[in-house]
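The block underneath contains the structure these notes are about, expressed in structure tokens.
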Amino acid sequence: MPLQSSPTPRRPSWARPLAGIGRRRFLSLVGATGAWLTATAGSALAAPAGDSEAPDGQADASRTTWWVNDAPIIDGMAPRIRDTLSATARELPWHGRTVKGNSAGALYTPIFVRDMATIQPVLPYYLPPDFMHTPVEGFLASQDRFGTSNGAVAATLNAQGSVDKATVVSDEETSAVHAAYAYYRAFGGTDWLRSDVDGRPVIDRLGDALGYLWTNRRWSDGSLLYRGHTTDWGDVKRRAGAEPTDLETGDGLTISPFDQAWHFRALHDFASMLDAVGRTSEAENQRARAAQVQAETHALLWQASRGHYRVHAHATDWTDPFDEDAVIPISSVLSIYAGIASPQQVIPIFEATARAETDAGTNRAGLTLSPPYPDDFFQSRRMAGGEYQNGAVWDWWGGLQIVSEFEHGQADRGIGHLEAVARAWESVDGVHEWFHVPSQSGQGSTQFAGAAATMAQAVIRGLFGLDVSTDAYRVTSRLGGYSGGLRAVRPGGGRIEVVQSAYPAFLFLDIRAETGNVGRVALRVPRGWDNIIVFVDGRVTPATRWASGIDDYVGTWSIGSGTHSIIVAKVA
Numbered sequence: 009m010p011l012q013s014s015p016t017p018r019r020p021s022w023a024r025p026l027a028g029i030g031r032r033r034f035l036s037l038v039g040a041t042g043a044w045l046t047a048t049a050g051s052a053l054a055a056p057a058g059d060s061e062a063p064d065g066q067a068d069a070s071r072t073t074w075w076v077n078d079a080p081i082i083d084g085m086a087p088r089i090r091d092t093l094s095a096t097a098r099e100l101p102w103h104g105r106t107v108k109g110n111s112a113g114a115l116y117t118p119i120f121v122r123d124m125a126t127i128q129p130v131l132p133y134y135l136p137p138d139f140m141h142t143p144v145e146g147f148l149a150s151q152d153r154f155g156t157s158n159g160a161v162a163a164t165l166n167a168q169g170s171v172d173k174a175t176v177v178s179d180e181e182t183s184a185v186h187a188a189y190a191y192y193r194a195f196g197g198t199d200w201l202r203s204d205v206d207g208r209p210v211i212d213r214l215g216d217a218l219g220y221l222w223t224n225r226r227w228s229d230g231s232l233l234y235r236g237h238t239t240d241w242g243d244v245k246r247r248a249g250a251e252p253t254d255l256e257t258g259d260g261l262t263i264s265p266f267d268q269a270w271h272f273r274a275l276h277d278f279a280s281m282l283d284a285v286g287r288t289s290e291a292e293n294q295r296a297r298a299a300q301v302q303a304e305t306h307a308l309l310w311q312a313s314r315g316h317y318r319v320h321a322h323a324t325d326w327t328d329p330f331d332e333d334a335v336i337p338i339s340s341v342l343s344i345y346a347g348i349a350s351p352q353q354v355i356p357i358f359e360a361t362a363r364a365e366t367d368a369g370t371n372r373a374g375l376t377l378s379p380p381y382p383d384d385f386f387q388s389r390r391m392a393g394g395e396y397q398n399g400a401v402w403d404w405w406g407g408l409q410i411v412s413e414f415e416h417g418q419a420d421r422g423i424g425h426l427e428a429v430a431r432a433w434e435s436v437d438g439v440h441e442w443f444h445v446p447s448q449s450g451q452g453s454t455q456f457a458g459a460a461a462t463m464a465q466a467v468i469r470g471l472f473g474l475d476v477s478t479d480a481y482r483v484t485s486r487l488g489g490y491s492g493g494l495r496a497v498r499p500g501g502g503r504i505e506v507v508q509s510a511y512p513a514f515l516f517l518d519i520r521a522e523t524g525n526v527g528r529v530a531l532r533v534p535r536g537w538d539n540i541i542v543f544v545d546g547r548v549t550p551a552t553r554w555a556s557g558i559d560d561y562v563g564t565w566s567i568g569s570g571t572h573s574i575i576v577a578k579v580a
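Using the working numbering, the letters of the sequence shown map in sequence onto residues 9 to 580.
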């Protein structure tokens with residue numbers, strides 16, 4: 009956990025003026041009576057004009073960027089993410105409407121609903137708002153394009169206007185709901201939820217989507233969703249057929265923790281949106297349904313003795329050719345991200361995930377299966393062990409794993425995983441769809457938008473703890489003993505700059521928010537900082553200490569828009 013020992017941390021030019029604010033306020037505050045604090049800080053309180061220069065990478069002030077001292081490899085992720093999200097931006101006509109969104113990658117033309125759900129949360133920092141709401145509205149409009157309108161949404165939006173559905177999976181509707189929730193929080197608000205899509209309100213179409221799953225994809229009389237016999241999350245079925253993503257008569261059926269996690273999250277998303285439009289009794293029904301999903305998921309799929317979820321349970325007759333329950337699936341750690349995992353499951357899941365990475369010989373997050381299935385297991389598309397959906401590393405899921413590590417008390421592990429991803433991107437010179445561990449090579453599509461977006465989440469939401477909604481913002485700096493900064497620029501309006509400067513006895517956290525709404529701030533403190541004094545905007549402020557996993561935090565404080573300084577001083 010690095011702490012600056014010199015007064016010249018590496019900063020890009022945009023961060024230096026903001027970083028000086030806290031020092032100037034501190035010096036004016038302590039005066040002669042605070043000489044002991046000044047002596048403790050030493051030259052750390054010098055003006056930042058002499059800071060060494062960090063390469064901006066994105067000198068244009070209209071772009072989102074970041075830097076992390078002592079982990080500079082992470083800096084290089086920012087322009088790669090920006091370029092990937094820009095390169096995959098699409099505009100296409102679709103049944104009388106213009107849809108703007110992101111394709112999955114350079115090799116893909118359509119907009120996929122599953123990918124959209126993971127891309128949407130960071131789009132406010134990269135593309136205008138119509139890249140968020142028009143694809144959601146397009147997928148909701150697709151409900152009327154099937155022979156029977158039962159709430160199902162299409163798998164993709166494409167320029168030809170054709171409608172298809174990947175019936176082997178059960179996460180397309182839940183993905184549409186989560187994407188809608190991301191836009192509602194970022195820009196849309198209740199007016200958008202009440203607006204019409206082809207004559208039916210958005211909020212009602214979201215209910216139709218979840219209703220389709222409840223009516224058509226539940227197994228037996230419980231609350232769990234079924235899918236084809238795939239991996240936990242993949243869209244390639246085991247049995248050979250006309251199309252790997254289509255469910256056909258005779259195909260095996262499974263109950264996956266991935267689908268249950270996404271369903272659980274979507275039910276809570278929908279409940280929050282129902283509350284926003286005043287339909288509170290319906291919201292409570294959705295939360296009750298989510299609790300049922302969680303309880304049944306834990307009962308059927310959680311393996312306490314192994315510390316991870318099963319890759320799936322079989323809903324149709326099946327005899328395992330090997331110990332399938334020993335497979336550690338990426339859905340285990342994604343269950344933390346989605347919120348369906350219980351607090352008691354978090355540490356065992358992280359420990360199982362670490363074992364899986366060690367066994368597979370990788371230091372990367374996003375390992376999809378460990379061990380993988382045998383080379384000849386999948387018959388609809390050959391996937392040898394370690395290839396594609398059968399045990400490869402996917403940064404698409406790795407970014408969400410890293411977010412979970414930051415938010416559940418494993419910040420140093422999250423930073424290490426970010427560094428590993430950044431090195432891999434440098435090594436293969438790009439953001440690839442998946443990574444083959446044995447050959448250390450990037451595979452599949454280049455400029456894979458899902459990977460870029462979730463890694464942006466890992467930095468923006470995970471490392472810097474930034475969350476911006478229509479009525480509030482939050483910063484939870486998880487840098488700990490690192491110096492670093494984030495400039496988050498929203499093309500739809502507003503920006504937030506966060507700069508932390510770390511020294512042996514001081515943390516300076518300076519924030520400039522152009523949001524027009526209230527903010528909440530907290531920060532991770534290094535281990536051993538048992539006695540501290542906190543200054544918020546020049547005033548001594550009570551410090552509430554709290555823990556998350558193995559990490560220690562101080563906060564949370566209310567601030568508004570404008571410029572603010574948080575100073576944490578370690579007292580011997």
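Every residue gets a Cβ at the ideal spot worked out from N, C-alpha and C, and that includes glycine.
Bear in mind that the values here come from a model prediction, so they are computed numbers and not experimental data.
Spatial neighbours of residue i within its chain, please: C-beta separation below 6 Å, excluding the five flanking residues on both sides.
i: T223; result: none
i: H572; result: I519 and D545
i: T484; result: G473 and A530
i: T523; result: Y481, G502 and S569
i: D559; result: G417, A419 and R532
i: S183; result: V121, R122 and A125
i: L494; result: W74, F472 and V506
i: N539; result: V579
i: A298; result: F272, L275 and H276
For residue i, which three-state DSSP category applies?
i: A400; result: coil
i: V185; result: helix
i: T126; result: helix
i: F278; result: helix
i: Q168; result: coil
i: Q418; result: coil
i: Q508; result: strand
i: A97; result: strand
i: W74; result: strand
i: W554; result: strand
i: T156; result: coil
i: D475; result: strand
i: T370; result: coil
i: L115; result: coil
i: W102; result: strand
i: T454; result: coil
i: D559; result: strand
i: A439; result: Position check: residue 439 holds Val in this sequence, whereas Ala was assumed. Residue state, collapsed to three classes: coil.
i: V285; result: coil
i: R498; result: coil
i: A521; result: strand
Beta-carbon within less than 7 Å of residue i's beta-carbon, same chain only, minus the 5 sequence neighbours each way: which residues are those?
i: S157; result: Q151
i: R421; result: E413
i: D479; result: N525
i: A496; result: T72, Y133, I468, L474, R503 and I504
i: E332; result: V319
i: K245; result: V176, G236, H237, T238, P252, D259 and S388
i: A279; result: A291, Q294 and R295
Determine which residues share a DSSP beta bridge with residue i and list them.
i: I575; result: F516 and F543
i: K173; result: K173 pairs with nothing; no bridge assigned.
i: H444; result: S449
i: G5; result: Since the first residue shown for the chain is 9 and the last is 580, residue 5 is missing from the structure and cannot be characterised.
i: Y490; result: Its beta-bridge partners do not exist; DSSP assigns none.
i: N110; result: A97
i: L377; result: P337
i: N120; result: Inspection of the sequence shows that residue 120 is occupied by Phe rather than by Asn. According to DSSP, which records beta bridges pairwise, F120 is partnered with T164.
i: H532; result: Note that residue 532 corresponds to Arg in the displayed sequence, not to His. Y561.
Starting from the C-beta of residue i, find all residues in its chain whose C-beta is less than 8 Å away, skip the five residues before and the five after it, and write them out in chain order.
i: S435; result: Q448
i: H141; result: Y191, F195, G196 and W200
i: S453; result: A112, G113, A114, L115, Y116, H440 and E441
Using 8 Å as the limit for Cβ to Cβ distance, is residue i near chain C?
i: A323; result: The structure shown contains no chain C; it is built from a single protein chain.
Beta strand (DSSP E) segments (min. 3 residues) lying fully within the segment 194–263: Counting only runs that start and end inside the segment 194–263, the beta strand (DSSP E) elements of at least 3 residues fall at 261–263.
Any 3 or more C-beta pairs closer than 8 Å across the segment 455–468 and the segment 88–97: yes
Extract the residue ranges of the alpha helix (DSSP H) inside the segment 288–368, only unbroken runs of 4 or more that lie entirely within it. 288–309, 338–346 and 351–368
Within 8 Å, do at least three Cβ pairs link the segment 408–428 to the segment 373–386? yes
Would you say the segment 475–492 touches the segment 526–542, given that touching needs at least three Cβ pairs under 8 Å? Counting Cβ pairs under 8 Å, three or more are found: they touch.
Closer than 8 Å is the cut-off here; do at least three beta carbon pairs connect the segment 438–447 with the segment 345–355? Touching, no, given that fewer than three Cβ pairs across the two stretches are closer than 8 Å.
Does the structure place the segment 70–85 close enough to the segment 106–123 that three or more beta carbon pairs sit under 8 Å? no
Inter-stretch contact at 8 Å, needing at least 3 Cβ pairs: the segment 307–322 / the segment 206–226: no
Segment contact flag, the segment 385–395 with the segment 332–348, C-beta cutoff 8 Å, min 3 pairs: no
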